[in-house]
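One point on numbering: in this note's numbering, the residue at position 167 of the sequence shown is 158, and numbering is uninterrupted.
This report refers to the structure that appears directly beneath it.
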Amino acid sequence: MKPPIILINYKAYENSYGEKGMEISKKIEKVSKEYGVPIIVSVPATMIYRLSKETELIVYAQHVDGLDHGAKTGSILPEMVKDAGGKGSLLNHSERRIRLDEIHDAIIRMRKLGMESVVCVDRYELVHSMGILNPDAILIEPPELIGTGIAVSKAKPEVITRAVDEIKKVKGVYLIAGAGITSGEDVYKAIELGADGIGVASAVMKAKDPEKVVSDLVSQALKAIDKRG
Ligand code: G3P
């Protein structure tokens, strides 16, 4: 059985970095080990090195620039992320959109470096065209539901089912769904609708008891994957 994809996007919350960032990461790591499910965390660039060294989580950047080395002030190159221990990156998140050619360049660069890329799209109509660029996964997130606690899998299930139909047209690209995911039930539903996993942020980062929330998400993801067979 292929494990569900669980991606926790730390964004730039107060507990996304520093000691608080370590604390929440240790809790997430504990759940990951308990269930034997790898968990991807997309973290601020400043945390990639430390989290890669001090946890067994799969650490991603939240963005990379698919640029060559050189005079590029402020750029984060895939090589830098890899050197810090990062295994991949999100690209084109709704909160960090980039041009299509920039997405493509970054995917190519990361693939050459053996890194993974997860491209975000805000609508199912883009799933096929982004899929052709050959990322490892597409993360579909209707922006209007991000951070609302209203799950895409419940409020807009058709976004997931249509995205699933689109992803079938390209080979070897996973489909992840996110936006408003709050409970294990939301995750179960997303996987039941055909997603390979989920992306989540606020429900975990703002939780009083993040361990309990992640445990609920992971256990229901496993249940849904198991049912799918
Ligand atoms: O990348 C995941 C994120 O955008 C979803 O955010 O807060 O709705 O879980 P949230």
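Glycine included, every Cβ here is placed at the ideal spot set by N, Cα and C.
For V110, the enclosing beta strand (DSSP E) begins and ends at 107 to 112. Per DSSP, the beta-bridge partners of V34 are A52. Taking non-hydrogen atoms of ligand 1 into account, the C-beta of S85 is found less than 8 Å away from one of them. Beta-carbon to beta-carbon, A97 and G65 are separated by about 16 Å, too far to satisfy the 8 Å threshold. Comparing alpha carbon positions, the residue from V72, S174, I182, E10 closest to I49 is V72. DSSP places L208 inside the alpha helix (DSSP H), whose first and last residues are 201 to 219.
With contacts defined as CB atoms closer than 9 Å, A168 and A146 fail to qualify as a contacting pair. Each of V22, V28, I(-3), S43 was checked against the Cα of D200, and the nearest Cα belongs to V22. Within 8 Å of the C-beta of G138 there is at least one heavy atom belonging to ligand 1. Inclusion of Y179 and A212 in the CB contact set at 9 Å is warranted, their separation being smaller than that value. The beta carbon of S193 sits closer than 6 Å to those of G138, all from its chain and outside the five residues before and after it, given in chain order.
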